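The structure under discussion appears below in the form of C-alpha coordinates.
Residue numbers (the numbering used here): 777 to 1024.
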(Lines of atoms letter the chains of each structure in order from A and count residues from 1; the text may use other names and numbers.)
(Lines give C-alpha, C1' and ligand atoms only; values in the text may rest on other atoms or scores of the structure.)
Protein backbone atom coordinates (compact mmCIF):
# COMPACT_ATOMS: atom_id res chain seq x y z
CA UNK A 1 0.00 0.00 0.00
CA UNK A 2 1.27 3.47 -0.87
CA UNK A 3 2.67 5.52 1.98
CA UNK A 4 0.72 8.50 3.19
CA UNK A 5 1.82 11.90 1.88
CA UNK A 6 1.45 15.31 3.51
CA UNK A 7 0.44 18.79 2.37
CA UNK A 8 1.46 21.83 4.40
CA UNK A 9 -1.24 24.47 4.03
CA UNK A 10 -1.02 28.26 4.20
CA UNK A 11 -2.98 28.04 7.46
CA UNK A 12 -0.11 26.08 9.02
CA UNK A 13 -1.84 22.71 9.06
CA UNK A 14 -0.35 19.41 7.85
CA UNK A 15 -2.87 17.42 5.83
CA UNK A 16 -2.37 13.68 5.28
CA UNK A 17 -3.53 12.32 1.93
CA UNK A 18 -3.42 9.54 -0.65
CA UNK A 19 -3.44 10.65 -4.26
CA UNK A 20 -3.75 8.51 -7.39
CA UNK A 21 -2.99 9.96 -10.81
CA UNK A 22 -5.38 9.09 -13.64
CA UNK A 23 -7.84 10.44 -16.13
CA UNK A 24 -10.13 13.27 -15.17
CA UNK A 25 -12.34 14.38 -13.67
CA UNK A 26 -10.76 13.93 -10.26
CA UNK A 27 -12.85 11.89 -7.84
CA UNK A 28 -12.44 13.25 -4.28
CA UNK A 29 -13.78 11.65 -1.11
CA UNK A 30 -14.70 13.95 1.79
CA UNK A 31 -15.18 12.08 5.04
CA UNK A 32 -17.41 12.68 8.02
CA UNK A 33 -16.94 14.15 11.46
CA UNK A 34 -14.19 12.33 13.38
CA UNK A 35 -13.87 9.91 10.47
CA UNK A 36 -10.70 9.43 8.46
CA UNK A 37 -9.52 8.49 4.99
CA UNK A 38 -9.14 4.81 5.92
CA UNK A 39 -12.88 4.15 6.08
CA UNK A 40 -14.64 1.51 4.01
CA UNK A 41 -16.23 3.92 1.52
CA UNK A 42 -12.99 5.84 0.89
CA UNK A 43 -10.92 2.69 0.37
CA UNK A 44 -13.58 1.10 -1.82
CA UNK A 45 -13.87 4.19 -4.03
CA UNK A 46 -10.10 4.40 -4.37
CA UNK A 47 -9.87 0.79 -5.56
CA UNK A 48 -12.81 1.34 -7.93
CA UNK A 49 -11.23 4.51 -9.33
CA UNK A 50 -7.89 2.74 -9.84
CA UNK A 51 -9.63 -0.05 -11.75
CA UNK A 52 -11.01 2.60 -14.10
CA UNK A 53 -7.78 4.59 -14.38
CA UNK A 54 -9.59 7.46 -12.66
CA UNK A 55 -7.75 10.20 -10.75
CA UNK A 56 -8.62 9.93 -7.05
CA UNK A 57 -7.90 11.80 -3.81
CA UNK A 58 -8.71 11.04 -0.17
CA UNK A 59 -7.39 13.03 2.78
CA UNK A 60 -7.81 13.71 6.48
CA UNK A 61 -9.03 17.07 7.75
CA UNK A 62 -6.90 18.63 10.46
CA UNK A 63 -7.63 17.01 13.81
CA UNK A 64 -8.66 13.83 12.00
CA UNK A 65 -6.74 10.67 11.17
CA UNK A 66 -3.08 11.28 10.39
CA UNK A 67 -3.30 15.05 9.88
CA UNK A 68 -1.97 17.58 12.38
CA UNK A 69 -3.97 19.14 15.20
CA UNK A 70 -6.52 18.00 17.74
CA UNK A 71 -10.16 17.43 16.86
CA UNK A 72 -11.33 19.67 19.69
CA UNK A 73 -9.40 22.60 18.20
CA UNK A 74 -11.16 22.41 14.85
CA UNK A 75 -14.41 23.68 13.34
CA UNK A 76 -16.36 23.57 10.10
CA UNK A 77 -14.52 26.59 8.68
CA UNK A 78 -11.11 25.08 9.39
CA UNK A 79 -12.06 21.87 7.61
CA UNK A 80 -13.44 23.87 4.69
CA UNK A 81 -10.04 25.57 4.45
CA UNK A 82 -8.36 22.16 4.50
CA UNK A 83 -10.67 20.94 1.72
CA UNK A 84 -10.04 23.99 -0.45
CA UNK A 85 -6.26 23.74 0.09
CA UNK A 86 -6.17 20.03 -0.75
CA UNK A 87 -8.25 20.41 -3.89
CA UNK A 88 -6.25 23.43 -5.04
CA UNK A 89 -2.86 21.79 -4.55
CA UNK A 90 -3.60 18.16 -5.36
CA UNK A 91 -6.20 18.14 -8.16
CA UNK A 92 -6.63 19.82 -11.52
CA UNK A 93 -9.66 20.74 -13.59
CA UNK A 94 -13.15 19.52 -12.81
CA UNK A 95 -13.80 17.44 -9.72
CA UNK A 96 -16.49 14.98 -8.67
CA UNK A 97 -16.94 15.29 -4.92
CA UNK A 98 -18.24 12.43 -2.80
CA UNK A 99 -19.20 13.84 0.59
CA UNK A 100 -20.18 11.60 3.49
CA UNK A 101 -22.13 13.09 6.44
CA UNK A 102 -20.17 16.21 7.51
CA UNK A 103 -18.28 15.75 4.22
CA UNK A 104 -21.59 16.46 2.50
CA UNK A 105 -21.65 19.87 4.17
CA UNK A 106 -18.01 20.39 3.19
CA UNK A 107 -18.76 19.48 -0.41
CA UNK A 108 -21.60 22.03 -0.51
CA UNK A 109 -19.32 24.73 0.92
CA UNK A 110 -16.70 23.98 -1.73
CA UNK A 111 -19.30 23.88 -4.50
CA UNK A 112 -20.73 27.23 -3.39
CA UNK A 113 -17.27 28.84 -3.35
CA UNK A 114 -15.88 27.14 -6.47
CA UNK A 115 -18.77 26.25 -8.82
CA UNK A 116 -16.43 26.47 -11.81
CA UNK A 117 -14.51 23.44 -10.57
CA UNK A 118 -17.50 21.19 -10.00
CA UNK A 119 -18.25 18.39 -12.43
CA UNK A 120 -20.75 16.69 -10.14
CA UNK A 121 -21.61 15.84 -6.54
CA UNK A 122 -22.58 12.69 -4.68
CA UNK A 123 -23.59 12.90 -1.02
CA UNK A 124 -24.07 10.09 1.49
CA UNK A 125 -26.21 11.07 4.49
CA UNK A 126 -25.28 14.71 3.93
CA UNK A 127 -25.41 16.73 7.15
CA UNK A 128 -25.41 20.44 6.24
CA UNK A 129 -25.86 22.92 9.10
CA UNK A 130 -25.79 20.15 11.74
CA UNK A 131 -23.96 22.27 14.31
CA UNK A 132 -26.97 24.60 14.44
CA UNK A 133 -29.93 22.40 13.52
CA UNK A 134 -28.63 19.26 15.22
CA UNK A 135 -26.40 20.18 18.14
CA UNK A 136 -27.57 23.64 19.22
CA UNK A 137 -31.24 22.97 18.54
CA UNK A 138 -31.18 19.84 20.71
CA UNK A 139 -29.06 21.18 23.58
CA UNK A 140 -30.76 21.54 26.94
CA UNK A 141 -30.53 24.82 28.79
CA UNK A 142 -27.91 23.21 31.02
CA UNK A 143 -25.81 22.17 28.01
CA UNK A 144 -26.06 25.64 26.50
CA UNK A 145 -24.97 27.14 29.81
CA UNK A 146 -22.05 24.69 30.06
CA UNK A 147 -21.02 25.54 26.51
CA UNK A 148 -20.90 29.24 27.38
CA UNK A 149 -19.19 28.71 30.73
CA UNK A 150 -16.79 25.84 29.97
CA UNK A 151 -16.41 26.30 26.22
CA UNK A 152 -17.43 22.73 25.47
CA UNK A 153 -19.85 19.86 26.10
CA UNK A 154 -19.43 16.11 25.62
CA UNK A 155 -21.93 14.21 23.47
CA UNK A 156 -22.49 10.47 22.98
CA UNK A 157 -22.70 8.90 19.52
CA UNK A 158 -24.20 5.72 18.07
CA UNK A 159 -21.28 5.46 15.64
CA UNK A 160 -18.15 6.54 17.56
CA UNK A 161 -16.77 7.30 21.01
CA UNK A 162 -18.24 10.29 22.84
CA UNK A 163 -16.86 13.51 21.44
CA UNK A 164 -16.44 17.12 22.39
CA UNK A 165 -18.52 19.92 20.87
CA UNK A 166 -16.90 23.30 21.47
CA UNK A 167 -18.35 26.79 21.58
CA UNK A 168 -16.02 27.65 18.69
CA UNK A 169 -17.53 24.85 16.57
CA UNK A 170 -21.05 26.14 17.20
CA UNK A 171 -20.19 29.80 16.63
CA UNK A 172 -18.11 29.10 13.52
CA UNK A 173 -20.83 26.79 12.20
CA UNK A 174 -23.22 29.73 12.12
CA UNK A 175 -20.95 31.44 9.59
CA UNK A 176 -20.93 28.34 7.33
CA UNK A 177 -24.66 27.58 7.03
CA UNK A 178 -25.88 26.61 3.56
CA UNK A 179 -29.64 26.09 4.06
CA UNK A 180 -30.50 29.69 5.04
CA UNK A 181 -29.68 31.36 1.72
CA UNK A 182 -30.11 30.28 -1.92
CA UNK A 183 -27.92 27.30 -2.83
CA UNK A 184 -27.36 26.87 -6.56
CA UNK A 185 -25.74 23.61 -7.65
CA UNK A 186 -25.40 23.96 -11.44
CA UNK A 187 -24.24 20.37 -12.04
CA UNK A 188 -25.59 16.84 -11.54
CA UNK A 189 -26.20 15.85 -7.89
CA UNK A 190 -27.02 12.44 -6.43
CA UNK A 191 -27.97 12.11 -2.77
CA UNK A 192 -27.93 8.74 -0.98
CA UNK A 193 -29.65 8.28 2.38
CA UNK A 194 -30.40 5.25 4.55
CA UNK A 195 -33.78 5.12 6.27
CA UNK A 196 -32.25 3.48 9.40
CA UNK A 197 -29.67 6.25 9.83
CA UNK A 198 -29.83 7.45 13.44
CA UNK A 199 -27.26 10.23 12.91
CA UNK A 200 -28.81 12.01 9.90
CA UNK A 201 -32.54 11.85 9.26
CA UNK A 202 -34.36 11.45 5.97
CA UNK A 203 -35.95 14.83 6.79
CA UNK A 204 -32.51 16.43 6.55
CA UNK A 205 -32.03 14.84 3.13
CA UNK A 206 -35.39 16.08 1.85
CA UNK A 207 -34.71 19.54 3.30
CA UNK A 208 -31.54 19.78 1.19
CA UNK A 209 -33.35 18.42 -1.86
CA UNK A 210 -36.12 21.01 -1.47
CA UNK A 211 -33.76 23.89 -0.75
CA UNK A 212 -31.07 23.56 -3.43
CA UNK A 213 -31.52 24.31 -7.11
CA UNK A 214 -29.93 22.01 -9.67
CA UNK A 215 -30.63 20.95 -13.25
CA UNK A 216 -30.32 17.27 -12.26
CA UNK A 217 -30.69 16.44 -8.57
CA UNK A 218 -32.02 13.13 -7.24
CA UNK A 219 -32.39 11.58 -3.80
CA UNK A 220 -32.26 7.81 -3.30
CA UNK A 221 -33.60 6.42 -0.01
CA UNK A 222 -32.29 2.99 0.91
CA UNK A 223 -34.56 1.05 3.26
CA UNK A 224 -32.84 -0.17 6.44
CA UNK A 225 -29.40 1.23 5.53
CA UNK A 226 -27.68 2.95 8.45
CA UNK A 227 -25.23 5.84 8.67
CA UNK A 228 -22.24 3.72 7.69
CA UNK A 229 -23.77 2.99 4.26
CA UNK A 230 -20.94 0.51 3.65
CA UNK A 231 -22.38 -2.89 2.78
CA UNK A 232 -22.09 -4.34 -0.71
CA UNK A 233 -25.45 -3.03 -1.91
CA UNK A 234 -24.73 0.49 -0.67
CA UNK A 235 -21.24 0.56 -2.18
CA UNK A 236 -22.65 -0.50 -5.56
CA UNK A 237 -25.23 2.28 -5.34
CA UNK A 238 -22.37 4.68 -4.60
CA UNK A 239 -20.46 3.56 -7.69
CA UNK A 240 -23.57 3.98 -9.85
CA UNK A 241 -24.23 7.46 -8.43
CA UNK A 242 -20.70 8.55 -9.31
CA UNK A 243 -21.12 7.24 -12.84
CA UNK A 244 -24.43 9.08 -13.21
CA UNK A 245 -22.99 12.48 -12.29
CA UNK A 246 -19.84 11.84 -14.31
CA UNK A 247 -21.77 10.84 -17.42
CA UNK A 248 -25.16 12.58 -17.21
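Where is the CB? At the ideal position from N, CA and C, for every residue including glycine.
Quantities reported herein were computed from a predicted structural model and do not represent experimental measurements.
Inter-residue CB distance, residue i and residue j (contact presumed, cutoff 8 Å)
| i | j | result |
| --- | --- | --- |
| residue 949 | residue 908 | 6 Å |
| residue 872 | residue 968 | Between residue 968 and residue 872 the Cβ distance is about 14 Å, and since that is not below 8 Å, they are no contact. |
| residue 800 | residue 869 | 5 Å |
| residue 832 | residue 826 | 7 Å |
| residue 964 | residue 992 | 4 Å |
| residue 955 | residue 891 | Contact flag wrong, Cβ pair sits at about 17 Å. |
| residue 984 | residue 998 | 16 Å between Cβ atoms; not a contact. |
| residue 780 | residue 794 | 6 Å |
| residue 867 | residue 882 | Residue 867 to residue 882, Cβ: 15 Å. No contact. |
| residue 738 | residue 896 | Nothing in the structure corresponds to residue 738, since the chain is present only between 777 and 1024. |
| residue 841 | residue 813 | 6 Å |
Sequence-distant residues of its chain with Cβ nearer than 6 Å to residue i (five each side left out)
| i | result |
| --- | --- |
| residue 994 | 966 |
| residue 989 | 960 |
| residue 1003 | 901, 935, 973 and 975 |
| residue 932 | 938 |
| residue 1000 | 972 |
| residue 1010 | 1001 |
| residue 820 | 1011 |
| residue 784 | 790 |
Beta-carbon contacts of residue i that lie in its chain and below 7 Å, excluding the five residues immediately before and after
| i | result |
| --- | --- |
| residue 845 | 789, 838 and 839 |
| residue 942 | 848, 927 and 928 |
| residue 828 | none |
| residue 885 | 856, 952 and 954 |
Exposure of residue i, with buried meaning 16 or more beta-carbon neighbours within 10 Å
| i | result |
| --- | --- |
| residue 782 | exposed |
| residue 971 | exposed |
| residue 849 | exposed |
| residue 857 | buried |
| residue 927 | exposed |
| residue 854 | buried |
| residue 939 | exposed |
| residue 797 | exposed |
| residue 924 | exposed |
| residue 930 | exposed |
| residue 914 | exposed |
| residue 1008 | exposed |
Beta bridge counterpart(s) of residue i as assigned by DSSP
| i | result |
| --- | --- |
| residue 894 | 871 |
| residue 804 | 833 and 873 |
| residue 989 | 960 |
| residue 796 | 832 |
| residue 970 | 998 |
Cβ-heavy atom distance, residue i to the ligand HEM, below 7 Å
| i | result |
| --- | --- |
| residue 1000 | This structure lacks the ligand HEM, and indeed carries no ligand of any kind. |
**Message:** At 4 residues or longer, what runs of the alpha helix (DSSP H) sit wholly inside the stretch 812-875?
**Reply:** Taking 4 residues as the shortest admissible run, the stretch 812-875 contains the following complete alpha helix (DSSP H) segments, listed from N- to C-terminal end: 816-828 and 852-866.
**Asked** Taking the runs of the alpha helix (DSSP H) that are 4 residues or longer, which of them lie wholly in the stretch 915-968?
**Response** Scanning the stretch 915-968 for uninterrupted alpha helix (DSSP H) segments of 4 residues or longer gives 917-926 and 943-949, listed from N- to C-terminal end.
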